[in-house]
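Engineer: Line by line, the protein sequences give chains A and B.
With my numbering, the residue at position 125 of the first sequence is 125, and numbering never jumps.
With my numbering, the residue at position 14 of the second sequence is 14, and numbering never jumps.
By construction, the Cβ of each residue, glycine as well, lies at the ideal position given by its N, Cα and C atoms.
This one's a predicted model, so the numbers in the text were calculated from it and none came from an experiment.
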Amino acid sequence: MSIQVQMMLHVGFGVLGILLAVALFVDVLNVSEKNMERIKKLSVAVAVFIFLSYLIGGYWYVVHYGTDRAIIKAGQWAWAHNYFMEVKEHVFFLMLILSIYLPIAVYRNVPLTEKGNRSLVLGIAALIVLLGLFMEGAGAIIGKGVTMGLMGR
Amino acid sequence: MKIEKYTAGFGLSLIVTSLLNAVILLLKETNEGIMNGMKAALGHHWTTHGVLVIVLFVVLGFVFSGTKMGEKWDSRKLLTCIIWAVIIGGVVIAGFFLPHLKGA
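Printed below as a string of structure tokens:
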């Protein structure tokens, strides 16, 4: 598998995880017996996609990122690695365990029609979405850091 | 309302692990011995860090689920603590690297 495909899968699974967390959030706001099964499936899908993003991104980071890091650090956007990659790679763990916890809260903390239970799931989903958006933004800055390094700026 | 035991147990584990994640970061970044040990353990400090976080979350989750904390907590209290743990954990990480932002 080429490193480009690996990177696309890492980002793709991450984006899918975020989008499905948004879908779950909306479904939980309108929870009923009709959409309960879909909410359960969405919670598992979020966990699976974020975990896949972690595995593929982690492999890419450990095996291939060294070259990009050297390019970024030689350019004028060295902070793209020194700050955003360092923060991203460690804050990601928060998003990962939130995603693993999501199906536990959905499957075990029933009924979701109860206000407190619903709030817990909504809160977890919102945190996943917010952290996910930060991941996407930080990833874009890191990618731009490589471009700046290659342009000699 | 009483909270289900695995929701409570793994929720508390999420709180503790979110904070420990930041503590592990501070320890490895400020102690060369710990950093080298984590590199030696699984080949890369980040790999070891990730495995530690996942193992801690799962093990603590089952340990806390075995206690009776679910009878003392409700969903709202749990969510409030989770949000604060994620904020504190995230701010510690973002704050630690803040000096590296110079030049931006």
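1. Note down the Cα distance separating Leu101 (chain B) from Asn82 (chain A), rounded to an integer number of angstroms.
2. Starting from the C-beta of Phe57 (chain B), find all residues in its chain whose C-beta is less than 6 Å away, skip the five residues before and the five after it, and write them out in chain order.
3. In terms of alpha-carbon separation, which member of A:Ile97, A:Ile141 and A:Phe84 lies closest to Pro99 (chain B)?
4. Hey, does Asn21 (chain B) have any beta-carbon neighbour from chain A nearer than 8 Å?
5. List, in chain order, every chain A residue whose beta-carbon is nearer than 8 Å to that of Thr7 (chain B).
6. Check for me: the alpha helix (DSSP H) holding Glu86 (chain A) runs from which residue to which?
7. Taking the CB atoms as reference points, tell me whether Leu52 (chain B) and Leu120 (chain A) lie closer together than 8 Å.
8. Between Tyr54 (chain A) and the rest of its own chain, which residues show a CB-CB distance below 6 Å, the 5 nearest in sequence each way excluded?
9. Is Thr48 (chain B) buried or exposed, if buried means 16 or more other CB atoms sit within 10 Å of its CB?
10. Does DSSP put His45 (chain B) in a helix, in a strand, or in coil?
11. Flag this pair as yes or no: are the beta carbons of His44 (chain B) and Lys28 (chain B) separated by less than 8 Å?
12. Which residues, in chain order, does the stretch 16-40 of chain A contribute to contact with chain B at a C-beta distance below 8 Å?
13. Any beta-carbon of chain A closer than 8 Å to the one on Gly90 (chain B)?
14. Measuring CA to CA, which of A:Ala74, A:Val44 and A:Met7 is closest to Ile17 (chain A)?
15. Would you mind telling me which residues of chain A sit closer than 7 Å to Ala127 (chain B), beta carbon to beta carbon, in chain order?
16. Whose Cβ in chain B lies nearer than 7 Å to the Cβ of His10 (chain A)?
17. If you draw a straight line from the C-alpha of Met151 (chain A) to the C-alpha of Gly145 (chain A), how long is it?
18. To the nearest angstrom, how far is the alpha carbon of Gln4 (chain A) from that of Gly66 (chain B)?
19. So if I threshold CB-CB distances at 7 Å, which residues from the stretch 67-84 of chain A count as touching chain B?
20. Between which two residues does the alpha helix (DSSP H) harbouring Trp60 (chain A) extend?
Structural biologist: Let's see:
1. On the second sequence, position 101 is the one that residue 101 (chain B) refers to. On the first sequence, position 82 is the one that residue 82 (chain A) refers to. Their backbone Cα atoms lie some 7 Å apart in a straight line.
2. One-based indexing of the second sequence puts residue 57 (chain B) at position 57. Closer than 6 Å at Cβ, skipping near neighbours: Ser13 and Thr17.
3. Taking the second sequence and counting its residues from 1, one reaches residue 99 (chain B) at position 99. Minimum Cα distance to Pro99 (chain B) is reached at A:Phe84.
4. The residue given as residue 21 (chain B) occupies position 21 in the second sequence. Taking 8 Å as the threshold, the shortest C-beta distance from Asn21 (chain B) to chain A falls below it.
5. In the second sequence, counting from the first residue as 1, residue 7 (chain B) sits at position 7. Within chain A, the residues near Thr7 (chain B) are Ile104, Ala105, Arg108, Asn109 and Leu120.
6. Residue 86 (chain A) sits at position 86 when you count from the first residue of the first sequence. If you look at Glu86 (chain A), you'll find it in the alpha helix (DSSP H) that goes Glu86 to Arg108.
7. Here residue 52 (chain B) is taken as the residue at index 52 of the second sequence, counted from 1. Here residue 120 (chain A) is taken as the residue at index 120 of the first sequence, counted from 1. No. Outside cutoff.
8. Looking up residue 54 (chain A) in the first sequence gives position 54. Here the set comprises Leu96.
9. Locating residue 48 (chain B) in the second sequence gives position 48, where the first residue counts as 1. Buried.
10. Here the question's residue 45 (chain B) lines up with position 45 in the second sequence. The three-state secondary structure of His45 (chain B), taken from DSSP, is helix.
11. In the second sequence, counting from the first residue as 1, residue 44 (chain B) sits at position 44. In the second sequence, counting from the first residue as 1, residue 28 (chain B) sits at position 28. Contact: no.
12. Correct list: empty, as no residue qualifies.
13. Against the second sequence, residue 90 (chain B) aligns to sequence position 90. Answer yes: the Cβ-Cβ gap between Gly90 (chain B) and chain A drops below 8 Å somewhere.
14. Start at 1 with the first residue of the first sequence, and residue 17 (chain A) comes out as number 17. Checking the sequence shown, residue 17 (chain A) turns out to be Gly, not Ile. When each option's Cα is compared against that of Gly17 (chain A), the closest is A:Val44.
15. Since the first residue shown for chain B is 1 and the last is 104, residue 127 (chain B) is missing from the structure and cannot be characterised.
16. Walking along the first sequence from the start, residue 10 (chain A) turns up at place 10. The premise fails here: His10 (chain A) is roughly 14 Å from chain B at the closest Cβ pair, so nothing lies under 7 Å.
17. What you label residue 151 (chain A) is simply residue 151 of the first sequence in a count that begins at 1. What you label residue 145 (chain A) is simply residue 145 of the first sequence in a count that begins at 1. Approximately 10 Å between the Cα atoms of the pair.
18. Residue numbering aside, residue 4 (chain A) sits at position 4 when the first sequence is read from its first letter. Residue numbering aside, residue 66 (chain B) sits at position 66 when the second sequence is read from its first letter. For Gln4 (chain A) and Gly66 (chain B), the distance between alpha carbons rounds to 45 Å.
19. For the stretch 67-84 of chain A, the set of positions with a beta-carbon nearer than 7 Å to some beta-carbon of chain B reads Ala78, Trp79, Asn82 and Tyr83 in chain order.
20. Your numbering for residue 60 (chain A) matches position 60 in the first sequence. For Trp60 (chain A), the enclosing alpha helix (DSSP H) stretches over residues Met36 to Val63.
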